[in-house]
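Colleague: Quick note on the UniProt record's numbering: the sequence shown kicks off at 1 and runs consecutively.
For each residue, glycine too, the CB sits at the ideal point set by N, CA and C.
In this text the structure is predicted, and so the values were computed from the model without any measurement.
Have a look at this one.
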Amino acid sequence: MRRVVVKFHISRAGRLAGNGSFRAHLHYIQRDGVERDGKGGELYGREGETPGASDFLERSENDRHQFRIIVSPEDGVALGDLREHTRALMTQMERDLGTRLDWVAVDHHNTGHSHTHIVVRGKDARGKDLIIAPDYLKSGLRQRASDLVTERLGPRRDLEIARARHSEVQRDRLTAIDRAMMRDVEGRALAISGTASSEADRFDHSLRLQRLSHLERLGLATQMEDGRWQMAADWDRTLADMGRRNDVIATLAHRFGKRDGVERLASFDPARPAGGKLVGTVLAAFPDDELRDRRSIVVEDFDGRQWLVDLGQAEPGSTPPEGAVVEVGSRKAKERSSDRVIADIADNTGGRYSERLHAEADPSSTAAFRQAHVRRLEALRRAGVVERMQDGSWAIPNNFLEKAVAFEADRAGSVSLKTLSWLTLEEQVTHRGVTWLDEGHGDKDGSRLRSVRQARIAWLREHELLAPDANTLDAEARGRLRQSEHAAVVARIAKQSGRQQVELQTGDTITGKYERAINLGSGRIAVVGNAKEFALVPWRPEIERHRGRELVAKRTAQGVSWTIGMSRQRGLSR
């Protein structure tokens with residue numbers, strides 16, 4: 001049989017975010033997708049169809065969930081065009097499930113391991129919620145994919161299998177050999193049996209010993225006197241991180257060619273000493289967990305060093321573009337107020353939570369408020385933090401708050417990211433607006449930053465915005481730059497769309513769609529508009545969930561708030 005790796009994730013639409021996460025995922029897999037000819041990844045579907053992302057998202061508007069699947073044939077190179085295999089697999093999946101599926105796919109050929117991303121709507125052909133048995137997703141689909149590849153390429157020969165397995169011995173990444181050994185590790189100790197009853201067992205024994213010798217050279221394993229091996233703490237995670245780092249270096253080399261410092265790529269440690277924030281420009285962005293939209297970026301500081309930064313599960317649209325100036329620091333996960341409520345109720349009920357117990361503990365709580373806590377518990381259940389009992393109540397462990405905080409840290413990461421400028425340093429030099437460079441950065445930093453800062457000062461003097469003997473903008477010059485920048489943005493949108501701008505005063509509203517974000521020298525603004533007019537409102541990451549959706553924006557004394565459907569969203573303020 002030909003080996004195929006299949007991964008899946010069931011993504012649920014958020015109560016407030018709607019299908020914003022669906023939109024972000026499609027954006028990510030298309031942006032990260034690369035065809036065999038090096039061109040950007042294109043969505044495709046069944047034969048004869050050319051699906052559009054916007055149409056697929058429109059059909060998914062009211063879906064409760066979607067299925068995200070990654071199919072990675074070990075012999076992807078030999079298969080050539082993955083589309084034929086994907087279409088055959090989806091046809092077989094429809095036969096197995098007994099319904100026509102609404103799906104799109106994108107191929108990725110840029111990682112050294114060709115694979116396909118498939119997104120399946122959470123509705124069947126009758127418009128009802130699509131339910132797929134976990135066993136089918138975990139093993140049935142993998143078997144179908146393997147059968148199709150085997151049918152096309154023929155079964156793997158023993159010599160071919162042996163060579164493939166032996167090639168894993170020297171790899172600085174988590175391998176199939178490691179995963180097999182992980183199942184036999186007890187308390188970080190691994191016993192290697194000296195007896196083998198068959199030729200296959202002797203081959204496996206030899207592979208393990210060779211692999212352990214390599215891990216010993218990496219400092220991840222030590223042979224003990226009794227013949228057992230002592231594995232280093234978190235040895236499997238270390239190998240996974242090494243593989244991820246090597247993949248990033250290879251991708252950077254492919255994209256940028258030889259670049260000083262790339263081979264010395266360091267991982268940013270959020271536990272670095274206080275005050276050890278990293279400031280630099282984004283060199284590239286990468287998917288970490290492509291199913292859950294976990295992202296990493298490579299940041300180049302102003303001394304030329306490159307750092308790999310794990311962002312965790314980033315808000316849709318919040319990942320800064322290449323060239324943006326960012327500040328990276330540490331973030332400590334905190335317990336949610338809802339978690340505290342759940343823990344308090346469980347403390348008084350013998351480790352149980354239910355809506356009934358909640359209502360008894362707090363008679364003033366509303367049904368919607370209690371339902372929000374149930375949704376939180378559903379998310380924690382999927383992570384193995386709590387257990388739902390047959391009577392509908394929830395079993396809450398004694399260390400619930402500790403586990404809930406750990407869940408938040410794993411989901412959102414322990415890194416804080418602040419975008420100091422959405423414009424590149426080069427764009428800031430001649431930008432008609434107040435920029436990050438105008439705040440005096442670069443006077444004492446690396447030569448790269450000093451040079452662009454001096455170029456910015458020269459441009460400001462040339463345009464009579466800065467006196468010959470001055471290095472910082474005064475209030476009048478800042479006002480002129482902001483006014484000029486705002487006028488240019490308004491004029492450009494008006495010319496492109498034929499619409500008129502509306503300046504929202506306190507109490508004013510505008511009904512329209514959130515169209516896009518525009519990068520300014522001092523941040524971002526969001527464009528909200530309809531057929532006749534548009535308004536510019538402050539941008540926040542949360543609004544990206546609603547791109548393309550109808551909303552009502554209202555100017556208040558505190559800033560701008562917006563309403564999606566009947567749900568009030570958090571206010572935005574300048």
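Cβ atoms of L278 and T228: under 8 Å apart, would you say?
Modeller: Your numbering for residue 228 matches position 228 in the sequence shown. Your numbering for residue 278 matches position 278 in the sequence shown. Note that residue 228 corresponds to Arg in the displayed sequence, not to Thr. Contact: no.
Colleague: Going by the CB atoms, is the gap between I525 and P541 shorter than 8 Å?
Modeller: Taking the first residue of the sequence shown as 1, we reach residue 541 at position 541. Taking the first residue of the sequence shown as 1, we reach residue 525 at position 525. Cβ atoms of P541 and I525: not closer than 8 Å.
Colleague: Indicate the three-state DSSP secondary structure (helix, strand or coil) for L218 in the structure shown.
Modeller: For the purposes of this step, residue 218 is taken as residue 218 along the sequence shown, with counting starting at 1. Coil at L218, not helix or strand.
Colleague: DSSP state of K128, grouped into three classes?
Modeller: Walking along the sequence shown from the start, residue 128 turns up at place 128. Reduced to three states, the DSSP call for K128 is coil.
Colleague: Do R456 and Q428 have their beta-carbon atoms positioned less than 8 Å apart in this structure?
Modeller: Here residue 428 corresponds to residue number 428 of the sequence shown, with the count starting at 1. Here residue 456 corresponds to residue number 456 of the sequence shown, with the count starting at 1. Taking 8 Å as the Cβ cut-off, Q428 and R456 qualify as a contacting pair.
Colleague: Please list, in chain order, all residues of the same chain as R568 whose beta carbon is under 6 Å from its beta carbon, the five residues on each side excluded.
Modeller: On the sequence shown, residue 568 is found 568 positions in, with the first residue counted as 1. Here the model assigns R568 a pLDDT of 43, short of 50, so the residue's position is not dependable, and the following value carries that caveat. Excluding residues within five positions, none has a Cβ falling inside 6 Å.
Colleague: Restricting to Cα atoms, I'd like to know which of T349, S497 and L417 is closest to V299.
Modeller: Looking up residue 299 in the sequence shown gives position 299. Residue L417 is the option with its Cα nearest to V299.
Colleague: Could you check how far apart the C-beta atoms of Y353 and I396 are, in whole angstroms? I think they sit under 8 Å.
Modeller: Position 353 of the sequence shown, counting from 1, holds the residue named residue 353. Position 396 of the sequence shown, counting from 1, holds the residue named residue 396. With a Cβ gap of about 5 Å, Y353 and I396 count as contacting.
Colleague: Helix, strand or coil: how does DSSP classify S114 here?
Modeller: Taking the first residue of the sequence shown as 1, we reach residue 114 at position 114. Coil, per DSSP.
Colleague: Going by the beta-carbon positions, is the gap between V415 and R336 smaller than 8 Å?
Modeller: Translated into the one-based positions of the sequence shown, residue 415 becomes position 415. Translated into the one-based positions of the sequence shown, residue 336 becomes position 336. In this structure, R336 does not lie closer than 8 Å to V415 by Cβ.
Colleague: Is the segment 548-558 in contact with the segment 508-515, if contact means three or more CB pairs nearer than 8 Å?
Modeller: The segment 548-558 and the segment 508-515 touch, with no fewer than 3 CB-CB distances between them shorter than 8 Å.
Colleague: With L311 as the anchor, note down where its beta strand (DSSP E) starts and where it stops.
Modeller: To locate residue 311, count along the sequence shown from 1; it is residue 311. Here the beta strand (DSSP E) through L311 covers Q306 to Q313.
Colleague: Jot down the residue ranges of each uninterrupted beta strand (DSSP E) in the segment 202-254, minimum 3 residues, whole runs only, in chain order.
Modeller: 221-223 and 229-231
Colleague: What are the complete beta strand (DSSP E) segments, minimum 3 residues, inside the segment 384-437?
Modeller: 415-421
Colleague: May I ask you to list the residues that DSSP assigns as paired with H65?
Modeller: Taking the first residue of the sequence shown as position 1, residue 65 is located at position 65. Answer by DSSP bridge pairing, in chain order: R12.
Colleague: One question on the structure: do L423 and T435 come within less than 8 Å of each other, judged by their Cβ atoms?
Modeller: Start at 1 with the first residue of the sequence shown, and residue 423 comes out as number 423. Start at 1 with the first residue of the sequence shown, and residue 435 comes out as number 435. Yes, the pair counts as a contact, with Cβ atoms nearer than the cut-off.
Colleague: If we count Cβ pairs, one from each stretch, closer than 8 Å, do we get three or more for the segment 224-244 versus the segment 168-176?
Modeller: yes
Colleague: Determine whether the Cβ of F268 lies closer than 8 Å to any Cβ atom of chain C.
Modeller: Absent from the structure: chain C. Only one protein chain is present.
Colleague: Spatial neighbours of A361 within its chain, please: C-beta separation below 6 Å, excluding the five flanking residues on both sides.
Modeller: Start at 1 with the first residue of the sequence shown, and residue 361 comes out as number 361. Within the same chain, A361 has close Cβ partners I345.
Colleague: For E300, which residues does DSSP report across the bridge?
Modeller: One-based indexing of the sequence shown puts residue 300 at position 300. Beta-bridge pairing links E300 to T281 and Q306.
Colleague: Between the Cα of W103 and those of V325, D288, A88 and R294, spot the shortest distance and give me the residue it belongs to.
Modeller: Position 103 of the sequence shown, counted from the start, is the residue given in the question as residue 103. Ranking the options by Cα distance to W103, first place goes to A88.
Colleague: Report, in whole angstroms, the separation of the C-beta atoms of V452 and L425, which I expect to be a contact under 8 Å.
Modeller: Position 452 of the sequence shown, counted from the start, is the residue given in the question as residue 452. Position 425 of the sequence shown, counted from the start, is the residue given in the question as residue 425. Indeed they touch by this definition, with Cβ atoms about 5 Å apart.
Colleague: What residues in its chain sit with their C-beta under 6 Å from that of L137, if we drop five residues either side in the sequence?
Modeller: Residue numbering aside, residue 137 sits at position 137 when the sequence shown is read from its first letter. So the list reads F8, once near-sequence residues are dropped.
Colleague: In whole angstroms, what is the alpha-carbon distance linking R157 and L283?
Modeller: To locate residue 157, count along the sequence shown from 1; it is residue 157. To locate residue 283, count along the sequence shown from 1; it is residue 283. Taking the straight line from one Cα to the other gives about 43 Å.
Colleague: At what residues does the beta strand (DSSP E) containing A105 begin and finish?
Modeller: Position 105 of the sequence shown, counting from 1, holds the residue named residue 105. From DSSP, the beta strand (DSSP E) with A105 extends over W103 to H108.
Colleague: If you compare alpha carbons, which of K495, E439 and A250 is closest to S522?
Modeller: Taking the first residue of the sequence shown as position 1, residue 522 is located at position 522. Checking every option, the nearest Cα to that of S522 belongs to E439.
Colleague: Does the beta-carbon of L218 have 16 or more other beta-carbons within 10 angstroms, so that it is buried, or is it exposed?
Modeller: As a working note, residue 218 is residue 218 in the sequence shown. Classification for L218: exposed.
Colleague: Taking a contact to mean a Cβ-Cβ separation below 8 Å, would you say R64 touches R12 in this structure?
Modeller: On the sequence shown, position 64 is the one that residue 64 refers to. On the sequence shown, position 12 is the one that residue 12 refers to. Yes, they are a contact pair.
Colleague: Between D247 and V6, what straight-line distance do the alpha-carbon atoms span, to the nearest angstrom?
Modeller: Counting from 1 along the sequence shown, the entry for residue 247 is found at position 247. Counting from 1 along the sequence shown, the entry for residue 6 is found at position 6. Approximately 20 Å between the Cα atoms of the pair.
Colleague: Are the Cβ atoms of L481 and G433 separated by less than 8 Å?
Modeller: Mapped onto the sequence shown, residue 481 falls at position 481. Mapped onto the sequence shown, residue 433 falls at position 433. Cβ atoms of L481 and G433: closer than 8 Å.
Colleague: Report yes if the C-beta distance between A359 and S421 is below 8 Å; otherwise report no.
Modeller: Numbered from its first residue, the sequence shown carries residue 359 at position 359. Numbered from its first residue, the sequence shown carries residue 421 at position 421. Cβ distance not < 8 Å, so A359 and S421 don't count as in contact.
Colleague: Cutting at 8 Å between CB atoms, please list the residues of its own chain near A488, excluding the five before and the five after it.
Modeller: For the purposes of this step, residue 488 is identified with residue 488 of the sequence shown, where counting begins at 1. Closer than 8 Å at Cβ, skipping near neighbours: R432.
Colleague: Going by DSSP in three states, P155 sits in which element: helix, strand or coil?
Modeller: Numbered from 1 along the sequence shown, position 155 holds the residue referred to as residue 155. Coil.
Colleague: When we look at the beta-carbon of H115 and count the other beta-carbons within 10 Å, is it buried (16 or more) or exposed?
Modeller: Taking the first residue of the sequence shown as 1, we reach residue 115 at position 115. H115 comes out buried.
Colleague: For my contact list, V149 and D75 are in at a C-beta cut-off of 8 Å; report their separation, rounded to the angstrom.
Modeller: Mapped onto the sequence shown, residue 149 falls at position 149. Mapped onto the sequence shown, residue 75 falls at position 75. Contact flag correct, Cβ pair sits at about 6 Å.
Colleague: The alpha helix (DSSP H) that contains F56, what's its start and end?
Modeller: For the purposes of this step, residue 56 is identified with residue 56 of the sequence shown, where counting begins at 1. Run containing F56: A53 to R59, per the alpha helix (DSSP H) assignment.
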